[in-house]
Amino acid sequence: MNDIQHLIRKYNVPGPRYTSYPTVPFWKNDSLQLTEWEATLQQNRASFLSSAMSLYIHLPFCEQLCTFCGCHKRITKNHQKEIPYIKSLKKEWILYKELFEFTPIIKELHLGGGTPTFFTPENLVELVKNIFNSTTVDPAKHELSFEAHPMFMKQAHSEQLFDFGFRRLSIGIQDYDTLVQKAIHRHQPFEKVKEIHRYALKLGYESISHDLVYGLPKQQLKGFETTIQKTIELLPHRIALYGYAHVPWIKGNGQRGFDEKDIPQDAEKRELYEMASEKLLQAGYISIGMDHFALPSDPMALAMRDKKLHRNFMGYTTQETPLLIGLGMSAISDSWFGFAQNEKSLEGYKNRLKEGKLPIQRGHILSEEDKGIRKYVLSLMCHFQMNWGETSSEKYKSDIRSRLKEMVSDELIRELPYGFQLTEKGIPFVRNACMAFDTYLHEAGQSEKPLFSKTI
Ligand SMILES: C[S@@+](CC[C@H](N)C(=O)[O-])C[C@H]1O[C@@H](n2cnc3c(N)ncnc32)[C@H](O)[C@@H]1O
Ligand code: SF4
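Its first residue numbered 0, the sequence shown is counted upward by one per residue in numbering that gives the first Met the number 0.
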């Protein structure tokens, strides 16, 4: 067994992806009171007034279930659902505006899903128009992006959203190998993606991103290599290369349509990543954070160079804003002082809004200690290093040293006078490093219940 295989065997354990700290399973407030969430917004009011915010809109419907999918989605072919859902989103936005008592400035807006392009272009444009009606900003001067499923979108989506000011598009691909596509129940020819990609470029989209997933059932090195070659042929500005998160215990995600024996494990899975990463780097891409690649001129690569890269519930982003509001079923908001997640069921979400209340269900109010650790985890995830802040006690620091001892002796991380830095060899193990800092994970010990996918 070579060194990397040995390390994978040792460190490939279930662990969070750290899009937040504390991570969702350790949030303390199972039924967060609206007043508590509102109080966190008031606490950060000065920052909101002086800076712009991020808005995430969750559009949960998909026409077909992809059996690998871990997102919050609703499978339906009934497009009558579009208008009532949009009405709920508008109502939720009105409730937030009443709460803010000032005109919000939106810096970035992302339509995510589910499948945003399930909605007609007219409905999507009407929704974002309604949102921007109440702000003083020009939509074209801001980062507006949307996710698209190539098989469930029309040219009119690209056209009408572009005319409104959208310049970023993220296309879900996963893998072009037909055997894999069959296993994940997602038929999607390369020619179709090519057509959408080239058309978006022609219209003037400035950043096109492709989502790929390694570690999918039936995926093999040769087939995935072809997928990477085809991706390079189109040269998207960004590539998200996600490790398949196998979390079949999460209710309703439908990860059961294939044989578990067909899922590549451990070293085999890592090999898929290494091959893809090598090919992308050779093609001129820069590796960003844990699972992203970007062309050197893309704002994400520049943000990484300038140490401005940020990570939130949307994944890696190019800018940090003091407030992220998530609208829609299951969407998560972040006021830095607290997190709040909306009702996860469509019915629950709509019913709360009918009662005239913000549909938040659960959340977490961050303690001073949480905020300090959150900075460390963010810094590790974005820059592969962390510097100690003033708030950490000597006891916490010494606990971290002892938890990282093995990783230090395996040369995955090194201690610096002011903190820790992952080595080149340690970068694939960044989630393991973050786990050492995670007080909640530590206090919980070995849970009987599976909570997270594996780290590698
Ligand atoms: C909301 S979908 C993208 C838009 C659209 N629904 C589609 O599938 O084309 C978000 C992305 O999350 C990633 N994803 C979903 N489930 C995943 C899983 N179990 N493990 C890793 N990545 C996953 C996929 O790459 C997918 O494209
Ligand atoms: S991968 Fe996209 S289209 Fe497929 S089920 Fe998930 S959200 Fe829907």
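Every residue, glycine too, gets a C-beta built ideally from N, C-alpha and C. Note that this is a predicted model, so its numbers are computed, not measured.
Contact fails between the segment 367-378 and the segment 59-76, because fewer than three Cβ pairs, one in each stretch, are under 8 Å apart. Residue 98 and residue 37 have their C-alpha atoms spaced approximately 8 Å apart. Shown here, residue 95 sits in a helix according to DSSP, grouped into three states. Under the Cβ criterion (8 Å, minimum of three pairs), the segment 205-223 counts as touching the segment 175-191.
Per the coordinates, the alpha-carbon of residue 77 lies some 17 Å from the alpha-carbon of residue 153. In the structure shown, the three-state DSSP call for residue 227 is helix. If you look at residue 133, you'll find it isn't in any beta strand (DSSP E); DSSP assigns it neither H nor E.
The set of residues with CB atoms less than 6 Å from any heavy atom of ligand 2 reads, in chain order, 61, 64, 65, 68, 70, 72, 112, 113, 114, 148, 171. For residue 369, there is no enclosing beta strand (DSSP E); the residue is found in the alpha helix (DSSP H) stretching over 367-382. Taking non-hydrogen atoms of ligand 1 into account, the C-beta of residue 146 is found less than 8 Å away from one of them. Taking 8 Å as the cut-off, the C-beta of residue 210 counts as close to a heavy atom of ligand 1. Three or more beta-carbon pairs separated by less than 8 Å are not found between the segment 121-131 and the segment 389-397, which leaves the two stretches without contact. In the DSSP annotation of this structure, the continuous segment of the beta strand (DSSP E) that includes residue 106 starts and ends at 105-112. If you draw a straight line from the Cα of residue 54 to the Cα of residue 431, it comes to about 30 Å. The beta carbon of residue 18 is closer than 6 Å to those of 312 in its chain, skipping five residues each way along the sequence. Distance from residue 30 to residue 361 at the Cβ level is roughly 6 Å; contact confirmed, criterion being Cβ atoms closer than 8 Å. Counting only runs that start and end inside the segment 276-329, the beta strand (DSSP E) elements of at least 3 residues fall at 285-287, 291-293, 309-311, 314-316, 323-326.
The beta carbons of residue 336 and residue 26 sit no closer together than 9 Å. Inclusion of residue 81 and residue 118 in the CB contact set at 9 Å is warranted, their separation being smaller than that value. Beta-bridge partners assigned by DSSP to residue 209: 170, 238.
Here residue 453 is buried, its C-beta having at least 16 other C-beta atoms within 10 Å. Closest option to residue 75, judged by alpha-carbon separation, among 397, 151, 383: 151.
For residue 266, DSSP records no beta bridge to any residue. Remark: C-beta atoms of residue 83 and residue 356 do not approach each other more closely than 9 Å.
By DSSP's assignment, residue 219 forms no beta bridge with any residue. Rounded to whole angstroms, the separation of the alpha carbons of residue 22 and residue 14 is 10 Å.
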